[in-house]
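Participant: My questions all concern the structure below.
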Amino acid sequence: MKDDDYEQLITDSFSQSVSLLSESAKYSKTILEISNMIVECLKNNNKVVLFGNGGSATDSDHFATELLGRYLLERQSLAAISITNSATITAIGNDYGFENIFSRQCESLVNENDVVIAISTSGNSLNVLKGIKLSKKKNAKTIAITGNDGGKLGKLSDISLIVTSNSTPRIQEVHRIVIHIICDIVEREFSNVNSN
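Heads up, the sequence shown is in the numbering used here, so the first residue is 2 and it goes up one at a time.
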């Protein structure tokens, strides 16, 4: 490829991203529902459990870190755990099969009224589906952050935010912004911003 071809690729990538992002305000109601569910969970001394594969595992880690540490404001640490640790998932994958890497952890970590968030661009990863199914059996509240048509995960979860695109990179970009917005809303409920 010539530089001109790469320049067009770069331009197209930014254009696609901007186009999808400009449509994303339509998820406002769902973002508020997710945020409110998380706030209620945390105010009742429950926790948020997150997971996903690949880039979605990274998003899961990022989301949990923003809640545990802080996003922008000083406030208490919020109970969140991403169950994507490489040693844990490879041990469970080796002993119980890759399809059980999340459900096995949910057996012991998820309690009734916890919020379990599964992040998946396709919504069809078997290990993610099994993790959500087990969490529902334990009466946890479930959230899907997904893409395409939501897949099986979108239908299975209590609340689903489905980025309607078939481009994995573009879906992931919107997911990251959605995660930041949710963290901002949740954090404000636990900081001095809303106490005046």
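Ideal Cβ placement from N, Cα and C applies to all residues, glycine included.
Owing to the predicted nature of the structure, the values given are computational and were not obtained by experimental measurement.
Please report the straight-line C-alpha distance between Ser136 and Ile120, rounded to a whole angstrom.
Facilitator: 14 angstroms
Participant: Going by DSSP, which residues form a beta bridge with Leu162?
Facilitator: Ile146
Participant: Which same chain residues end up closer than 6 angstroms to Ser83 when comparing Cβ atoms and leaving out the 5 residues on each side of it in sequence?
Facilitator: Leu51, Ser61, Asp62, Ala65
Participant: So is Arg71 in contact with chain D if we call contact Cβ pairs under 9 angstroms?
Facilitator: Although the question refers to chain D, the structure presented lacks it and comprises just one protein chain.
Participant: Skipping 5 residues on each side, what residues in its chain have a beta carbon closer than 7 angstroms to that of Lys44?
Facilitator: none
Participant: Taking the alpha-carbon of Asp159 as reference, which of Ala81, Gly98, Thr169, Ala145 has the nearest alpha-carbon?
Facilitator: Ala145
Participant: DSSP on Asn197, reduced to helix/strand/coil?
Facilitator: Because the pLDDT at Asn197 is just 46, under 50, the model does not fix this residue reliably, and the value given afterwards should be weighed accordingly. Coil at Asn197, not helix or strand.
Participant: Report the partner residues of Gly53 according to the DSSP bridge assignment.
Facilitator: Ile120
Participant: Give the secondary structure of Ser83 by DSSP, where H, G and I count as helix, E and B as strand, and everything else as coil.
Facilitator: strand
Participant: What residue does the alpha helix (DSSP H) around Tyr7 start on, and which one ends it?
Facilitator: 4-23
Participant: I'd like to check one pair, Ile163 with Asn128: are the Cβ atoms closer than 9 angstroms?
Facilitator: When the beta-carbon positions are compared, Asn128 and Ile163 stay at least 9 angstroms from each other.
Participant: If you follow the alpha helix (DSSP H) that Asp185 is in, where does it begin and where does it stop?
Facilitator: 169-190
Participant: If I follow the unbroken alpha helix (DSSP H) through Arg105, where does it start and stop?
Facilitator: 104-110
Participant: For Thr59, which of Leu33, Met38, Ser87 has the nearest alpha-carbon?
Facilitator: Ser87
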